[in-house]
Amino acid sequence: MFKHILTGLLLATSLAATASEEVNVYSYRQPFLVKPLFDQFTEKTGIEVNVVFAKKGMAERLAREGKLSKADVLLTTDISRLIELRDKGLVQAVDSNVLNTVIPEQYQAQDKTWFALTTRVRNIYSAKRLGKIDFNYEDLADEKYRGRVCTRSGKHPYTVALVASMISEHGEAETLKWLEGVKANLARKPQGNDRGQVQAIHQNLCDISLGNSYYFGKMLKDEKQKVWADAVYINFPNQKNRGAHINISGVAMAKYAPNSANAKALMEFLVSESAQKMYAETNMEYPVRAGVKVSPLVASWGSYKADTLPLEEVAKNRKLALMLLDKAKFDL
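Residue numbers (mature numbering (1 follows the signal peptide of the UniProt record, and there is no 0)): -19 to -1, 1 to 313.
Structural data, given as structure tokens:
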């Protein structure tokens, strides 16, 4: 009888240990976009993934929770957000041969505190009534586009990252001059999201707009928004010089991660071939892992030349970019 009791206790202990295998994710990415990935991870490892969707205020929440935070893995949708988490001391370095090897050097932090999972291009959309055009970001300030450009807020992380890359390329003075030129060319006050700019082109409110590449795919697959996408061309800027500005979705390990081993396992899984393929097909983004094909829809837009500037260099200009946007009174 004692033997049966002992066996039962050991089995119960084993089950409890298995049940406690978990990893907690704080995510800027909407749950439906990442759930298939996490389900596959759990199937492969037995580790349960708990997700907290944090559309805003992730850094503030982590700072408030401090050492009591349950967060293990942080998923973000922009380099600016990753840098904010690092600058506020909310992440830790991860020693991983897998991450270091798979992810190109320009798309990971030198101190190993953040890593890219996918890349996206900051495209320029142009009205089909203009025909297919060869476009540079610098052209947004060209006087021939006076009153013909639409964009979202200058303070949005996507815009800030692009302005930061312009500072790296042209310096502070030239970038300010460019911002003032872009502002002069705006058809309306900066507003809305990336899809809203394409909608504005469809409505003949403007001819040119900025937008991340994957939004084009999302519009084409949306019954109501397809008409917007059909009204524009998607252009890869600066193809005859430095290449198109690249942003990322990324991942980091929380500073006080209570399940750090599981967190590392999840981070490494997210750059595996199967996960990267799923990312490409589900989110219409570009895999960060070499050799993984993009979705057929994304492939139909053609290949492009990417700016090789390390995102770490872009991030260094983030605060200056915000200062220049204020100086240009971009959103006013």
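Yeah, the Cβ is synthetic: ideal placement off N, Cα and C, and Gly gets one too.
Check for me: the beta strand (DSSP E) holding residue 57 runs from which residue to which? Here residue 57 is taken as the residue at index 76 of the sequence shown, counted from 1. Start and end: 54 to 57.
Find out if the Cβ-Cβ distance for the pair residue 127, residue 181 is shorter than 9 angstroms. Along the sequence shown, read from residue 1 onward, the residue named residue 127 stands at position 146. Along the sequence shown, read from residue 1 onward, the residue named residue 181 stands at position 200. No, they are not a contact pair.
Give the secondary structure of residue 106 by DSSP, where H, G and I count as helix, E and B as strand, and everything else as coil. Numbered from 1 along the sequence shown, position 125 holds the residue referred to as residue 106. Here residue 106 sits in strand by DSSP.
Does residue 313 pass the burial test, meaning 16 or more other C-beta atoms within 10 Å, or should it be called exposed? Locating residue 313 in the sequence shown gives position 332, counting from the first residue. Here residue 313 is exposed. Its C-beta has fewer than 16 other C-beta atoms within 10 Å.
Quick one, which of 240, 92, 291, 189 has its alpha-carbon nearest residue 115's? For the purposes of this step, residue 115 is taken as residue 134 along the sequence shown, with counting starting at 1. Answer by Cα proximity: 189.
Please state the DSSP three-state secondary structure of residue 237. Walking along the sequence shown from the start, residue 237 turns up at place 256. Note: residue 237 maps to coil in three-state DSSP.
Only counting the same chain, and skipping five residues up and downstream in sequence, which positions put a Cβ closer than 7 angstroms to that of residue 249? Reading the sequence shown from its first residue, position 268 is the one you call residue 249. Correct list, in chain order: 77, 79, 80.
The segment 136 to 144 contacting the segment 51 to 65, beta-carbon criterion three pairs below 8 angstroms: With the cut-off at 8 angstroms, the segment 136 to 144 and the segment 51 to 65 touch.
Judging by CA-CA distance, which residue of 54, 45, 75 is the nearest neighbour of residue 69? Taking the first residue of the sequence shown as position 1, residue 69 is located at position 88. Out of 54, 45, 75, 45 has the C-alpha closest to the C-alpha of residue 69.
Just confirm the distance between the C-beta atoms of residue 106 and residue 219, as a whole number of angstroms; I'd bet it's less than 8 angstroms. Start at 1 with the first residue of the sequence shown, and residue 106 comes out as number 125. Start at 1 with the first residue of the sequence shown, and residue 219 comes out as number 238. Not quite, the Cβ-Cβ distance comes to about 15 angstroms (not below 8 angstroms), so this is no contact.
Report the three-state DSSP secondary structure of residue 228 (helix, strand or coil). In the sequence shown, residue 228 corresponds to position 247, counting from 1. DSSP places residue 228 in the strand class (E or B) of the three-state scheme.
Beta-carbon separation (whole angstroms), residue 169 vs residue 186, contact threshold 8 angstroms: Looking up residue 169 in the sequence shown gives position 188. Looking up residue 186 in the sequence shown gives position 205. With a Cβ gap of about 7 angstroms, residue 169 and residue 186 count as contacting.
With DSSP collapsed to three states, give me the class of residue -1. Stepping through the sequence shown from its first residue, residue -1 is reached at position 19. Per-residue confidence for residue -1 stands at a pLDDT of 43, beneath the threshold of 50, marking its modelled position as unreliable; the derived number appears in the next sentence. Residue state, collapsed to three classes: helix.
I'd like the span of the beta strand (DSSP E) that includes residue 65, first residue to last. Residue 65 sits at position 84 when you count from the first residue of the sequence shown. Run containing residue 65: none in the beta strand (DSSP E); it sits in the alpha helix (DSSP H), 60 to 68.
Flag this pair as yes or no: are the beta carbons of residue 262 and residue 276 separated by less than 9 angstroms? The residue given as residue 262 occupies position 281 in the sequence shown. The residue given as residue 276 occupies position 295 in the sequence shown. If you check the CB distance, residue 262 and residue 276 come in under 9 angstroms.
Coil, strand or helix - residue 21 by DSSP: Start at 1 with the first residue of the sequence shown, and residue 21 comes out as number 40. Residue 21 falls in the helix class under three-state DSSP.
Identify whether residue 167 lies in helix, strand or coil by the three-state DSSP scheme. Working through the sequence shown from its first residue, we reach residue 167 at position 186. If DSSP states are grouped into helix, strand and coil, residue 167 belongs with the strands.
Can you find at least 3 beta carbon pairs, one from the segment 86 to 95 and one from the segment 281 to 296, that sit closer than 8 angstroms? yes
Hey, how far is the Cα of residue 53 from the Cα of residue 123? Indexing the sequence shown from 1 puts residue 53 at position 72. Indexing the sequence shown from 1 puts residue 123 at position 142. Rounded to whole angstroms, residue 53 to residue 123 spans 46 angstroms at the Cα level.
Is residue -10 helix, strand or coil when you go by DSSP? Translated into positions along the sequence shown, residue -10 becomes position 10. Below a pLDDT of 50, predicted positions are generally treated as unreliable, and residue -10, at 35, falls in that range; no measurement from the model is reported.
Status (buried if at least 16 other CB within 10 Å, exposed otherwise) for residue 233: What you label residue 233 is simply residue 252 of the sequence shown in a count that begins at 1. The residue is buried, with at least 16 neighbouring Cβ atoms inside 10 Å.
Host beta strand (DSSP E) of residue 190 (start-end): Counting from 1 along the sequence shown, the entry for residue 190 is found at position 209. Residue range 189 to 193 is occupied by the beta strand (DSSP E) that includes residue 190.
How big is the Cα-Cα spacing for residue 147 and residue 27? The residue you call residue 147 lines up with position 166 of the sequence shown. The residue you call residue 27 lines up with position 46 of the sequence shown. Rounded to whole angstroms, residue 147 to residue 27 spans 45 angstroms at the Cα level.
Does DSSP put residue 185 in a helix, a strand or coil? Here residue 185 is taken as the residue at index 204 of the sequence shown, counted from 1. The DSSP-derived three-state label of residue 185 is coil.
Considering Cα atoms alone, identify which of 231, 3, 301 is closest to residue 399. Any property of residue 399 remains undetermined from this structure, which presents the chain solely from -19 to 313.
Once the 5 residues before and after residue 210 are set aside, which same chain residues still bring their CB inside 7 angstroms of it? For the purposes of this step, residue 210 is taken as the residue at position 229 of the sequence shown. The residues are 179, 197, 200, 201.
Within 9 angstroms, strictly: CB atoms of residue 104 and residue 216: Mapped onto the sequence shown, residue 104 falls at position 123. Mapped onto the sequence shown, residue 216 falls at position 235. Between residue 104 and residue 216, the CB-CB gap stays under 9 angstroms.
What is the DSSP secondary structure of residue 156, counted as helix, strand or coil? The residue given as residue 156 occupies position 175 in the sequence shown. In the structure shown, residue 156 sits in a helix (DSSP, three-state: H, G or I).
Relative to the C-alpha of residue 129, which candidate in 203, 97, 63, 162 has its C-alpha closest? By 1-based counting over the sequence shown, the position of residue 129 is 148. That would be 162, whose Cα lies nearest to the Cα of residue 129.
Within the same chain, show all residues whose beta-carbon is closer than 7 angstroms to that of residue 29, passing over the 5 residues directly before and after it, in chain order. Here residue 29 refers to the residue found at position 48 when the sequence shown is read from its first residue. Within the same chain, residue 29 has close Cβ partners 2, 3, 23.
State the beta-bridge partners of residue 97 as determined by DSSP. The residue you call residue 97 lines up with position 116 of the sequence shown. 231.
Could you check whether residue 63 and residue 251 sit closer than 9 angstroms to each other, using their CB atoms as the reference points? Mapped onto the sequence shown, residue 251 falls at position 270. Mapped onto the sequence shown, residue 63 falls at position 82. No, Cβ-Cβ distance for residue 251 and residue 63 is not below 9 angstroms.
Restricting to Cα atoms, I'd like to know which of 279, 254, 278 is closest to residue 269. For this step, residue 269 is matched to residue 288 along the sequence shown. Residue 254 is the option with its Cα nearest to residue 269.
Would you mind working out which of 206, 205, 176, 208 sits nearest residue 194, comparing C-alpha positions? What you label residue 194 is simply residue 213 of the sequence shown in a count that begins at 1. The residue among 206, 205, 176, 208 with its C-alpha nearest the C-alpha of residue 194 is 176.
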